[in-house]
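Residue numbers 2 to 127, in the numbering used here, belong to the letters of the sequence shown in order. Don't be surprised by glycine CBs; every beta carbon is placed ideally from N, CA and C. One structure is given here, and the rest of the page talks about it.
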Amino acid sequence: MQGFTEAEEGFIRESLLLGLEQTELRDRFWKQFGTGHSSKSLRNKTQRLATAGGVPAKKNAFWTAEEEQFLADWPHQPSTGLATAFHAKFGSDRSVSALATGFSKMKKARNKEEEAREDAQGGAAD
Numbered sequence: 002m003q004g005f006t007e008a009e010e011g012f013i014r015e016s017l018l019l020g021l022e023q024t025e026l027r028d029r030f031w032k033q034f035g036t037g038h039s040s041k042s043l044r045n046k047t048q049r050l051a052t053a054g055g056v057p058a059k060k061n062a063f064w065t066a067e068e069e070q071f072l073a074d075w076p077h078q079p080s081t082g083l084a085t086a087f088h089a090k091f092g093s094d095r096s097v098s099a100l101a102t103g104f105s106k107m108k109k110a111r112n113k114e115e116e117a118r119e120d121a122q123g124g125a126a127d
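This is the structure in structure tokens:
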């Protein structure tokens, strides 16, 4: 995978100023530049640019990779002990509502990524 271009980094910086959630930023980025950068690499770059640029981050705007993996691995609906298990592992900074929302958004984003890859593979086979 290649590094980010100046245009891509500029797009991310501008998007940070808009206060977009990570999934919205990712979707807009992919629409503009394609899916050459994974969701994870885009999130990591966004976090580095936000920290380096002094962009004020909303509280809990980004989920860490470990938190996302925990939600991805959760085998049940969020109402089945998710908050208790999450808080035991990561602390109680995130509310039950935020966890349910994060769980739902993460699942939707993963489904979108899988659909985009399938569409890209299907288009390449044509």
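At a cut of 8 angstroms, does the region 38 to 49 reach the region 2 to 18 through at least three beta carbon pairs? yes
Segment limits, alpha helix (DSSP H) that includes Leu21: Segment: none, Leu21 is in no alpha helix (DSSP H) and carries neither H nor E.
For a quick check, are the C-beta atoms of Thr24 and Lys106 less than 7 angstroms apart? yes
What is the DSSP secondary structure of Trp31, counted as helix, strand or coil? helix
Residue range of the unbroken alpha helix (DSSP H) whose run includes Gln70: 66 to 74
Neighbourhood of Val97 by C-beta distance below 7 angstroms, restricted to the same chain and skipping five residues each side: Ala84
Just to confirm the assignment, what range does the alpha helix (DSSP H) spanning Phe87 have? 83 to 91
Less than 7 angstroms separating the beta-carbons of Trp64 and Gly11? no
Considering only their Cβ atoms, is the gap separating Leu50 from Arg95 smaller than 7 angstroms? no
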